[in-house]
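Here is the structure we will look at.
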Amino acid sequence: MPFLAGVLVAFVGYFIRHGIPDQPIAEELSEQEAYSPLKQAWASHKTELLQSAGLNMMNAVTFYTVFIYLSTWLVEEVGETRAEALDINTISMAALTVLVPLAAILADKYGRKPLLLIGAAGVTLFSYPLLWLMHHHQYQMILAGQIGFALLVACFAGAIPATITELFSRGVRVSAASVSYNIPFAIFGGTAPMVAAWLVHSNA
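Quick note on numbering: my numbering labels position 69 of the sequence shown as 89, and the sequence is numbered without any gaps.
Here it is in structure tokens:
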């Protein structure tokens with residue numbers, strides 16, 4: 021069913037995009053045969069590309085560690101059942117779904133930087149206390165710790181999309197944003213659970 025729903029969403033997205041006319045700059049750029057937005061982005065937005073990659077790396081590592089690896093950690097290290105671990109993860113993901121749009125609204129109102137700093141500093145300072153809380157073999161304490169992580173992750177996850185969009189000029193925005201998103205998520209997000217598991221077992 022989730023895959024079927026994804027197909028339906030893809031069709032809806034196609035029809036929505038098909039009905040939106042290209043901006044004048046897009047029509048102009050499409051006429052330039054040798055135009056390479058990625059090459060242009062690297063030439064003119066090198067610092068912004070690195071900033072965007074750094075933000076996405078932070079987002080990728082925290083998301084994959086908190087919402088992918090911690091379910092396994094709860095089973096193997098804390099002693100929770102798989103059903104309980106998945107229940108906790110599902111509830112925290114549902115909370116994240118609500119918290120991210122709220123964080124985005126706050127970022128629009130108070131600025132991107134405060135939300136990014138709160139999220140990054142919060143994850144840095146409170147990871148140990150939250151993991152300590154989750155290490156107790158009590159469902160409510162584990163859930164509280166996971167929700168705490170969701171709240172902190174939401175702070176920068178809600179602010180990052182608009183921040184990255186504003187980093188790049190319109191002519192290179194899609195290419196620059198996509199590359200600086202996909203590479204950090206593939207390299208750092210994809211390996212975060214493996215690195216976390218190795219660190220836990222090597223220090224056991």
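C-beta: ideal position from N, C-alpha, C; glycine also.
In this structure, Met113 is the residue among Trp218, Leu75, Met113 with its C-alpha nearest to the C-alpha of Ala164. Exclusion of the five residues before and after Val81 leaves Phe208, Gly209, Ala212 as the residues of its chain whose Cβ lies within less than 7 Å of its Cβ. Collapsing the DSSP output to three states places Gly209 in a helix. Residue nearest to Gln160 within the set Ile111, Ser56, Met77 is Ile111 (criterion: CA-CA distance). Each residue's CA atom was taken as its position, placing Ser56 and Glu96 some 48 Å apart. Burial state of Gly139 is buried, judged by a 10 Å Cβ sphere holding 16 or more other Cβ atoms.
No Cβ-Cβ contact shorter than 8 Å links Ala124 with Ala170. If you draw a 10 Å sphere on the C-beta of Tyr130, you find fewer than 16 other C-beta atoms in it, and that means exposed. DSSP places Gly142 inside the alpha helix (DSSP H), whose first and last residues are 132–154.
Two segments are said to touch when three or more pairs of C-beta atoms, one from each, lie closer than 8 Å; by this definition the region 195–204 touches the region 59–79.
With fewer than 16 other CB atoms across the displayed protein chains lying within 10 angstroms of its CB, Pro149 is exposed. The shortest CA-to-CA distance from Leu151 to any of Ser222, Leu75, Ser91 is the one to Ser91. The DSSP-derived three-state label of Gly191 is coil.
In the displayed model, Gly99 falls within coil according to three-state DSSP, outside both helix and strand. Distance check between Lys66 and each of His221, Ala196, Trp218, Pro204 places Ala196 closest, using alpha-carbon atoms only. For the alpha helix (DSSP H) assignment, the uninterrupted runs of no fewer than 4 residues enclosed by the region 68–100 are, from N- to C-terminal side, 90–93. When only Cα atoms are considered, Val215 and Thr85 end up about 9 Å apart. Annotation: Ala127 to Val118 spans about 15 Å, alpha carbon to alpha carbon.
Pro204 sits buried, since 16 or more C-beta atoms from the chains shown fall within 10 Å of its C-beta. When secondary structure is reduced to three states using DSSP, Gln160 falls in the helix class.
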